[in-house]
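Chains as they are written, first to last, in the numbering used here: chain A, 36 to 606; chain B, 43 to 198. All residues carry an ideal CB built from backbone N, CA and C; glycine is no exception. These numbers come from a predicted model, not from an experiment. Structure first, commentary second.
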Amino acid sequence: MRARIGDWLDERVGHREVLAQWQRPVAGGASFAHTLSFLFAFLLVIEAVSGALLALYYAPSTGAAWASVAYIEDQVTLGSVVRGVHRWGMSAVVIVAGLHLVVTALRGGYRRPREVQWWLGLGLIGVVTLYSVSGFVLRWDQYGYWATKVELAYVNDAPGPGRQLVQAVQGGNEFGNLTLTHFYALHAVVLPIVTLLLAWAFRAQARRHGVLPTGGPARAAWPYQSVRNWVVAALALIALVAWSQHAGGAGLDGPADPTAAYDARPQWYFRPLFALVNTFGSLRTFIALGLPLVVFGVLAAVPFFDGRPGRPRRHYAVLAMLFVGLAGAIGVSMQSYAKDDDDQELQRRTHRFAREAARARTLAKTHGVPAPGGLAVFTTPRFYVARTLWASECASCHEGDDRKAPVLGPGLASRAHIRSLLVDPSAPEHYGLAKKIVEDENAMPKTEATGDDLDALVELIYAETGATDVDPAKVEKGKPLFDDGPCADCHNRAGTDASTGPNLAGYGSRRFYEAVLRDSGAPNLFGKLDDMPAYDDDLEPNQIRAMADYLVWLRTATPADLEALKPSRAP
Amino acid sequence: MGGGVGAALLVPAARLVGHAVGRVVVSSPTDPIDAIAADQVGDLPVRVPLVAASVRDAYASTANVVLGAAWLRRGQDGQIAALSSVCPHKGCAIGFAEGAKRYECPCHSATFDLDGNRLSGPAERGLDPLPVVIERGRVKVTWVRYQNGGADRKPA
Chain A
36 MRARIGDWLD ERVGHREVLA QWQRPVAGGA SFAHTLSFLF AFLLVIEAVS
86 GALLALYYAP STGAAWASVA YIEDQVTLGS VVRGVHRWGM SAVVIVAGLH
136 LVVTALRGGY RRPREVQWWL GLGLIGVVTL YSVSGFVLRW DQYGYWATKV
186 ELAYVNDAPG PGRQLVQAVQ GGNEFGNLTL THFYALHAVV LPIVTLLLAW
236 AFRAQARRHG VLPTGGPARA AWPYQSVRNW VVAALALIAL VAWSQHAGGA
286 GLDGPADPTA AYDARPQWYF RPLFALVNTF GSLRTFIALG LPLVVFGVLA
336 AVPFFDGRPG RPRRHYAVLA MLFVGLAGAI GVSMQSYAKD DDDQELQRRT
386 HRFAREAARA RTLAKTHGVP APGGLAVFTT PRFYVARTLW ASECASCHEG
436 DDRKAPVLGP GLASRAHIRS LLVDPSAPEH YGLAKKIVED ENAMPKTEAT
486 GDDLDALVEL IYAETGATDV DPAKVEKGKP LFDDGPCADC HNRAGTDAST
536 GPNLAGYGSR RFYEAVLRDS GAPNLFGKLD DMPAYDDDLE PNQIRAMADY
586 LVWLRTATPA DLEALKPSRA P
Chain B
43 MGGGVGAALL VPAARLVGHA VGRVVVSSPT DPIDAIAADQ VGDLPVRVPL
93 VAASVRDAYA STANVVLGAA WLRRGQDGQI AALSSVCPHK GCAIGFAEGA
143 KRYECPCHSA TFDLDGNRLS GPAERGLDPL PVVIERGRVK VTWVRYQNGG
193 ADRKPA
């Protein structure tokens, strides 16, 4: 039965001939050195699969890019693991491609008749670096935004069509929505097609010329080479996931902020260029763009210099050039990293940006990211509008040692606060620093009530705030104490009448605070004693309302609650 | 024959790819942007983000978009001057070093004095000044983006 199905299929598909290729002895034998090209392809498949998974959640627009990556990183099941594998997988591809190049060069694999294969390999390495350039900006965080900005600026300033090229790629005159869609299309559609074509051509060349002989006996691909391939692939995958976890995944910085003095740094494989650019002053632009072209040009020309076997001196010259170049690249990179590590100011900035990133991601997770994009996440915390107004309009008088008015802090209009106000209205935390009030003949005296009477008065005023835990019995007891006692000389509980001290109707409620904010000098509020600006004309109704809501919230807030509201933007 | 078909496919494709070249895809109103109260600007520079009321970005229109930042400072003559935070070298946003009292670019270490003149590093010109007007005690700044590089200032 199995044989019949096999026959049927083979007549149509011809799979037996394809499978038989693995059984044929391969000249050159099996070797771990030959696993590198398989590993390269394997890692590219990992990149394709993880990339497709990320594409299920990613949205390329200025409003959504950072938000969707933060969502993947912080909320999607296994999202941060897949992102980590995707990012560091590309680093692994670069390492494997580099190793493959070195191993090939060591054995003179660029010589006749493999020149075209050598060039295709160089082309693949070039394409691989373009993945990281195009992928980095998709995060739309500070790191990717600024690194890409600088990279494009170098292309822009290059002679020839650099400027036009940058405008076509970034989609116009500025970074914006089209920048993200263009880079996304390049990264996820165009480059994979180019990679597939190059890889297909490379493989066709490899089949035509066979593997480089190792000196061992001819072996069938299966199992001799295949088992080696999969052992290496499995080890590489384990190492990749382990490294990614160790490195904290792909990481995500705060949302791209065009005002931030961010220390833009490239991916590690561009670090040699970055180091050289910063070392050689006037040759900067030439180094940034010219040096990669020169390196690729020299590598491409190697087969013409050392084109046939039997000339060891030429081979040694090629190898010497390669290793000196590699050692130099590693050397200047390490020097550049060490320089950054020693820069205290840079480290301080880095820590500040890391704190800001953590805050942005927490806010994104808690409140979601508003439509305008990642930066707007900083305006989503509770009472953001009120706290911003507080900083610009209120803090100078109501906070700190230089204040000129009562402290408006946590516990405002709570029982304890009202009691302390009644006991000593001229204490510095109350009206003590408000000159116009304490120095007036009508300044409020300390209450003479004590014990249960004081409790009842406190409860009566506390009830005006709209709090839900009021004791009605105490309130009833407080009414005659207020109305028939000294309080009523200056205050009343009715609301609108003109009086010496503020009407206490709704004291500590939103309505009360809104009225004070609009015009604290109204006859039923502070009247002639008033020394605070009226905000009726300067603030929008929604701002006044936001401020009043915040002041009401203060009644039940603790100092820790207030601390948690404070923004921590890096300058 | 194949060449003809290829050209028939390639030419429109190239034109579509080039659509954005030389085009103002991202734009915002060019009137001065309210930045800060004039009495809050002193001898030391303050960084103020410039927020456009609306930005047209290709297919989208978005309100309250941060375009960039201006460094504001009151000069010896008492006049408030604004410098663009965009480094004229490669476009990173510059910072201000309080100790050395100079502007420093975090990317390639270009430095500028308090007036924005070039001190050291790779920039070919000083920081770009931005137009400032004072209205009813508020500083308003006009956002202009200049091309990177070059000793001459050309709007991007």
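* Run through DSSP, which three-state label would Ala-90 (chain A) get? -> helix
* With distances taken from CA atoms, which of A:Thr-423, A:Val-587 and A:Arg-118 is nearest Gly-170 (chain A)? -> A:Arg-118
* To do: Leaving out five residues on either side along the sequence, give the residues of the same chain with a beta carbon under 6 Å from the beta carbon of Ala-605 (chain A).
  => The predicted position of Ala-605 (chain A) is uncertain, since its pLDDT is 43 and thus under 50; a value taken from the coordinates is nonetheless stated next. Here the set comprises Arg-387, Phe-388 and Glu-391.
* To do: Kindly give me the distance between the Cβ atoms of Arg-147 (chain A) and Gly-342 (chain A), rounded to whole angstroms, as I take these residues to be in contact under 8 Å.
  => 5 Å
* Asked: If you drop the 5 nearest sequence neighbours on each side, which residues of the same chain put their C-beta closer than 7 Å to that of Pro-364 (chain A)?
  -> Note on residue identity: the sequence assigns Ala, not Pro, to residue 364 (chain A). Cβ within range, chain order: Pro-307.
* Give, in chain order, every residue of the region 288-311 of chain A whose Cβ lies closer than 8 Å to some Cβ of chain B. => Asp-292, Pro-293, Thr-294, Ala-295, Ala-296, Tyr-297, Asp-298 and Ala-299
* How many angstroms separate the CA atom of Gln-260 (chain A) from the CA atom of Thr-249 (chain A)? -> 13 Å
* **Interface residues of chain A facing Gly-191 (chain B) [CB-CB closer than 7 Å]** => Asp-192
* What residues match up with Ala-139 (chain B) in a beta bridge as DSSP calls it? -> B:Arg-144
* Note down, in chain order, each residue of its chain lying with its Cβ closer than 6 Å to the Cβ of Glu-177 (chain B), except the 5 sequence neighbours on either side. => none
* **Simplified DSSP state of Pro-445 (chain A), which is helix, strand or coil** => coil
* Taking just the CA atoms, how far does Tyr-189 (chain A) sit from Ala-599 (chain A)? -> 42 Å
* **Contact list for Trp-181 (chain A) against chain B, beta-carbon separation under 7 Å** => Cys-134
* As assigned by DSSP and simplified to three states, the class of Lys-184 (chain A) -> helix
* **Completely contained alpha helix (DSSP H) runs for the region 186-270 of chain A, where each covers 4 or more residues** => 197-205, 212-220 and 226-244
* Min CB distance Tyr-101 (chain B) to chain A below 8 Å -> yes
* Under 9 Å between beta-carbons, which chain A residues line up against Ser-96 (chain B)? List them in chain order, please. => Ordered by position in chain A, no residue passes the 9 Å Cβ test against Ser-96 (chain B), which lies about 10 Å from the chain.
* Can the beta-carbon of Lys-509 (chain A) be found closer than 8 Å to that of Ala-491 (chain A)? -> yes
* What's the C-alpha gap between Gly-60 (chain B) and Tyr-219 (chain A)? -> 17 Å
* Give the secondary structure of Phe-358 (chain A) by DSSP, where H, G and I count as helix, E and B as strand, and everything else as coil. => helix
* To do: Work out the CA separation of Gln-199 (chain A) and Arg-187 (chain B) for me, nearest whole Å.
  => 18 Å
* Asked: Among A:Tyr-497, A:Glu-476, A:Tyr-466 and A:Lys-512, which has the Cα closest to the Cα of Asp-487 (chain A)?
  -> A:Lys-512
* For the region 194-224 of chain A, which residues have a beta carbon sitting closer than 7 Å to at least one beta carbon of chain B? -> Gln-199, Gln-202, Ala-203, Gly-206, Gly-207, Asn-208, Glu-209, Gly-211, Asn-212 and Leu-213
* Asked: For Phe-154 (chain B), which residues does DSSP report across the bridge?
  -> B:Tyr-145 and B:Arg-160
* Under 8 Å between C-beta atoms, does Pro-407 (chain A) make it to chain B? -> yes
* To do: With DSSP as the reference, label His-50 (chain A) as helix, strand or coil.
  => helix
* **Contact under 8 Å by Cβ, Ala-255 (chain A) with Trp-123 (chain A)** => no
* **Contacts around Gly-536 (chain A), its chain only, beta-carbon distance under 7 Å, and the 5 residues preceding and following it disregarded** => Met-479, Cys-525 and His-526
* **Option nearest Val-185 (chain A) by Cα separation, candidates B:Lys-196, B:Gly-168, B:Val-183 and B:His-131** => B:His-131
* To do: Throw me the rounded Cβ distance for the Leu-560 (chain A) and Lys-471 (chain A) pair, which I believe falls under 8 Å.
  => Rounded, the Cβ-Cβ distance is 14 Å, inconsistent with contact.
* To do: Label Asn-577 (chain A) either buried or exposed according to how many other C-beta atoms from any shown protein chain fall within 10 Å of its C-beta, with 16 as the threshold for buried.
  => exposed
* Asked: Of the residues A:Phe-315, A:Val-359 and A:Pro-95, which one's Cα is nearest the Cα of Gly-408 (chain A)?
  -> A:Pro-95
* **Cut-off 6 Å between Cβ atoms - residues of its own chain near Ser-151 (chain B), not counting five sequence neighbours on either side** => Gly-163
* Asked: Run through DSSP, which three-state label would Lys-601 (chain A) get?
  -> coil
* How about Asp-596 (chain A) and Pro-445 (chain A): do their beta carbons lie closer than 8 Å? -> yes
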